[in-house]
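All remarks here apply to the structure that follows.
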Amino acid sequence: MIASANDRPNVQKAVVVFTTKDELCSYQQQTMKKLEVKLTAADNNPCAVASRIIESGSILLTVGMKFDGALYFPQLNLGSQCFKLNFDENFSYDFLNAMCKANCYCLQPYVQYKRDETCVEYGECLYVHQGSMSHDVAKDTCLDYQGTLVDVFSADKEAFITETVLEIQTPHLVSGSWLALEATNGVYQWNGENITPNDYTNWAPSQPQMTNGNCVAFEPKRGWISKSCDDLFETSHFVCQKKSCVTLFTTAISRHSLQ
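1 is the number of the first residue of the sequence shown in UniProt numbering; add one for each residue after it.
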């Protein structure tokens, strides 16, 4: 019923479950890896139902409650990672936080930059384009998607792009990807903003070499390398980036927030 709902089809669906009962769901892992358990439509076990909700792409938020002098909140392992709350003195704030996160997401084929192990989400959506193009054509293509070429303000984001976006989704793109970094009058800029000595960089040995061009491509096994911006024969794959949303509880990245 949830998956087939027609109201606001492009909006993240969320289900909230209040319970006083332990539900360990021992077969569910603490990571976001795909479940290996085979479920049937007739299986109405709470853990099985929860799995179907999560696998459909919906958020399952669980709220543990305790009544009648209970000393502890129930142990729950049937909800979505980072959406497990207790009905305690912080519930109002935590629930608002969770709802904001549930409503700040990326429509496919975009992937949200986030870290499930720390429950940190950033207001950025990344999309691996399947084509290999010159820098200027790639840049214009991202603009057509209301985005920009991807920026890299931290080692963590670079690792996310490599591990989550390039290697897992599109293995053949590991060879390289254009970045939004571009030299103007001898100064490198991220989308028009000058980089500073404190900014994260990952230049390959003997790079940058502006004599090779003012644009930059990221090669995971080497680092950042200088390339021509307008040479139609100098092509790389690329990742487009755009904002998901900006709320009180979603981290919007700038290079200043990482210093």
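The beta-carbon is built from N, C-alpha and C at its ideal position, and this holds for glycine as well.
At least 8 Å separates the beta-carbon of serine 236 from that of tyrosine 105. In this structure, DSSP gives isoleucine 225 an extended state, which the three-state scheme calls strand. Secondary structure of methionine 99 (DSSP, three-state): helix.
The C-beta of glycine 57 has fewer than 16 other C-beta atoms within 10 Å across all chains shown, which makes the residue exposed. The count of Cβ pairs closer than 8 Å, one atom from the stretch 88-99 and one from the stretch 206-213, stays below three, leaving the stretches out of contact.
At the C-beta level, serine 206 and valine 216 stay beyond 8 Å of one another.
As computed with DSSP, threonine 62 is found in a beta bridge with Val17, Lys84. Glutamine 108 is classed as exposed because its beta carbon has fewer than 16 other beta carbons within 10 Å across all chains shown.
Per the coordinates, the alpha-carbon of tyrosine 127 lies some 13 Å from the alpha-carbon of lysine 139. The beta-bridge partner set that DSSP reports for cysteine 125 consists of Gln112, Lys242. Contact between aspartate 199 and serine 134 is absent: CB atoms are separated by about 26 Å, not below the 8 Å threshold. When Asp22, Gln241, Lys13, Glu193 are compared, the shortest CA-CA separation from threonine 148 is found for Gln241. Under the DSSP assignment, glutamate 182 falls in the beta strand (DSSP E) whose first and last residues are 177-184.
Under the three-state reduction of DSSP, glutamate 89 is assigned to coil, being neither helix nor strand.
The C-alpha of phenylalanine 233 lies about 10 Å from the C-alpha of serine 132. The criterion of a C-beta distance shorter than 8 Å is not satisfied by leucine 76 and glutamate 121. In this structure glycine 176 is buried. Its beta-carbon is surrounded by 16 or more other beta-carbon atoms within 10 angstroms.
In this chain, the beta strand (DSSP E) harbouring glutamate 219 covers 215-219. Spatial neighbours of alanine 102 in its own chain (CB-CB distance under 6 Å, excluding positions within 5 residues in sequence) are listed in chain order as Gln12, Ala14, Ile59. With a threshold of 16 other beta carbon atoms within 10 Å, tyrosine 113 meets it and is buried. Boundaries for valine 137: no beta strand (DSSP E) harbours it, while the alpha helix (DSSP H) harbouring it runs 135-144, taken from the DSSP string. Distance between tyrosine 188 and leucine 181, taken at the CA atoms: about 6 Å. Between leucine 78 and threonine 162, the alpha-carbon positions lie close to 30 Å from each other.
Residue nearest to leucine 96 within the set Val63, Ala70, Pro74, Phe73 is Val63 (criterion: CA-CA distance).
Listed in chain order, the non-local C-beta contacts of isoleucine 195 below 6 Å within the same chain comprise Tyr188, local neighbours out to five positions each way being set aside. Judged by DSSP in its simplified three-state form, threonine 201 adopts coil rather than helix or strand. In this chain, valine 150 is not harboured by any alpha helix (DSSP H), its DSSP state being neither H nor E. With contacts defined as CB atoms closer than 8 Å, proline 74 and lysine 157 fail to qualify as a contacting pair.
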